[in-house]
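Everything on this sheet refers to the single structure shown next.
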Amino acid sequence: MLNVLNTSSAIAVAVSHEADPSDAVRDMAHQIDADEACFMLAFVPGSIDREGVAAALETQFQGLPIHGCTTAGQITPNGYESDAFLMIAFSKRHFRCATKLVSPLKPLPIKQLASDLSKLSMQFRKTANWNRLALTFSDGLSKQEDMLVTALETGLGEMPVFGGSAGDALEFRDTAVLHGGAFHSNAALVLLLETDLEFTGLGFDHFLPTDHQMVVTGAVPEERLVLEINGSPAAAEYARLVGVSVGDLSPQVFAENPVLVRNNALYHVRAIQEVQAGGALSFFSAIDDGLLLTLGRGKEILRTLNAGLDVKSARGKPPDFILGFDCFLRKLEIDQKQITDAVSDALRQRRVLGFNTYGEQHCGVHVNQTFVGVAFFEPRKQALH
Numbered sequence: 001m002l003n004v005l006n007t008s009s010a011i012a013v014a015v016s017h018e019a020d021p022s023d024a025v026r027d028m029a030h031q032i033d034a035d036e037a038c039f040m041l042a043f044v045p046g047s048i049d050r051e052g053v054a055a056a057l058e059t060q061f062q063g064l065p066i067h068g069c070t071t072a073g074q075i076t077p078n079g080y081e082s083d084a085f086l087m088i089a090f091s092k093r094h095f096r097c098a099t100k101l102v103s104p105l106k107p108l109p110i111k112q113l114a115s116d117l118s119k120l121s122m123q124f125r126k127t128a129n130w131n132r133l134a135l136t137f138s139d140g141l142s143k144q145e146d147m148l149v150t151a152l153e154t155g156l157g158e159m160p161v162f163g164g165s166a167g168d169a170l171e172f173r174d175t176a177v178l179h180g181g182a183f184h185s186n187a188a189l190v191l192l193l194e195t196d197l198e199f200t201g202l203g204f205d206h207f208l209p210t211d212h213q214m215v216v217t218g219a220v221p222e223e224r225l226v227l228e229i230n231g232s233p234a235a236a237e238y239a240r241l242v243g244v245s246v247g248d249l250s251p252q253v254f255a256e257n258p259v260l261v262r263n264n265a266l267y268h269v270r271a272i273q274e275v276q277a278g279g280a281l282s283f284f285s286a287i288d289d290g291l292l293l294t295l296g297r298g299k300e301i302l303r304t305l306n307a308g309l310d311v312k313s314a315r316g317k318p319p320d321f322i323l324g325f326d327c328f329l330r331k332l333e334i335d336q337k338q339i340t341d342a343v344s345d346a347l348r349q350r351r352v353l354g355f356n357t358y359g360e361q362h363c364g365v366h367v368n369q370t371f372v373g374v375a376f377f378e379p380r381k382q383a384l385h
């Protein structure tokens, strides 16, 4: 396979910055030998016409399964980008794939979906000595990811699941997943993968809990909406704790001052999306009355990124590549701190490819402001030669 990651036999990578969908797809077709691919992932910028993309992909890559989603940014061989169309072709020599489109995503019949996924897993023929994992992409505005991961964990048992919520730059208007030659809103996509590559999961953020705690005293859980915190209007109380005015609240403020929820010994980020009319706060993750929130304090984001990506195989080898799902709020903070070039260098050196998300799925939990990924290593038999 032709590929930008020159030493990888497992994947090929194509990137285009063309604004016209047909031109972009044609450009990427010249970078990939599609005959060698089992399937492809497409991570699509919000600036390009998605219907045109779907039509161009069907025309250019007839019969080849292509899955993916809209994004809030891309991680290409150049690092962070905002308007790049990224495609990754997975070699049929190293991967097998089975998929399920979950549509509609809302309302979500958890028991039925868990049963369907269990059947899909059993029907997906096992290959001796190959490894299994699942990927999931979901409508990032559906507010259903928490229930989706519950169904995935129930239906797939011990199979590890990694994923990201589709984005829409910073527009928050329309997100979609790509499957079967079309984009689908109010939908999710589940991919079961088999591979002879070794892999390990990644999941990390860069926040520590502070002594500032808040109690949700009024909420609309199904809408992920918090009306009151500590008995006061939610936006006003959050702004007071952070030390800014309500009028100054923004995605950048939310990115640098997240709220955390404790789960056993671990803290997970519950990111704020925006201020709603009347002073309510909408969230990217599940929220409920009586929930105890803790204000987070950031550690040095570049250092934690390098530490989190510093993984080796059992034989001490670096990854062949890392498939990454990185929250768009992390990218906002990185841009604000003017360290985008340094972070892009780190992503490039660690061979990370993927996209910026509206939320991440890992270890049976839907989280925010987290880097989730899968580090793939060369096959054991190849490493022994």
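Just so we're aligned, residue 1 is where the sequence shown starts under my numbering, counting upward by one.
All C-beta atoms, glycine included, are put in the ideal place defined by N, C-alpha and C.
Val352 and Phe162 do not touch by the CB rule: their CB atoms are close to 13 Å apart, not below 8 Å. The three-state secondary structure of Val365, taken from DSSP, is strand. Residue pairing from DSSP places Met40 in a beta bridge opposite Ile66 and Ala89.
In this structure, Asp33 sits near Ala12, with a CB-CB distance shorter than 8 Å.
Excluding residues up to 5 positions away in sequence, Pro318 lie with their Cβ nearer than 7 Å to the Cβ of Lys312 in the same chain. Under the three-state reduction of DSSP output, Asn263 falls in the strand class.
In this structure, Phe328 lies near Thr357, with their beta-carbon atoms less than 8 Å apart.
Note that the C-beta distance between Leu192 and Ala236 is not below 8 Å. Exclusion of the five residues before and after Asp27 leaves Ser16 and Glu18 as the residues of its chain whose Cβ lies within less than 7 Å of its Cβ. Contact annotation: the stretch 129-143 touches the stretch 190-207, with at least three C-beta pairs closer than 8 Å. Counted as a single uninterrupted DSSP element, the alpha helix (DSSP H) harbouring Gly308 occupies residues Ile301 to Leu309.
For Ser138, the enclosing beta strand (DSSP E) covers residues Asn131 to Ser138. With a minimum length of 3 residues, the unbroken runs of beta strand (DSSP E) contained wholly in the stretch 183-251 fall at 188-195, 198-204, 207-220 and 225-229. Taking C-beta separations shorter than 7 Å and ignoring five residues to either side along the sequence, the partners of Gly308 in its chain run Leu202, Phe204 and Phe371, following chain order.
Look at Gly167 here: in three-state DSSP terms it is coil, with no helix or strand label. Taken atom to atom, the span from the alpha-carbon of Gly181 to that of Thr127 is near 28 Å.
The beta carbon of Glu145 is closer than 7 Å to those of Ser138, Ser165, Gly359, Gln361 and His366 in its chain, skipping five residues each way along the sequence.
For Ile11, DSSP records a beta bridge to Phe90. Taken atom to atom, the span from the alpha-carbon of Arg96 to that of Arg224 is near 37 Å. The residue from Phe85, Leu241, Asp345 and Leu189 with its alpha-carbon nearest to that of Gln31 is Phe85. Check the Cα spacing between Arg380 and each of Asp320, Ala342, Val343 and Pro21: the tightest is with Asp320. The beta carbon of Leu281 sits closer than 7 Å to the beta carbons of Val226, Ala234, Ala235, Tyr238, Ile272 and Val275 from its chain, once the five residues preceding and following it are set aside; these are given in chain order. Phe172 sits close to Leu141, with the two beta carbons spaced by under 8 Å.
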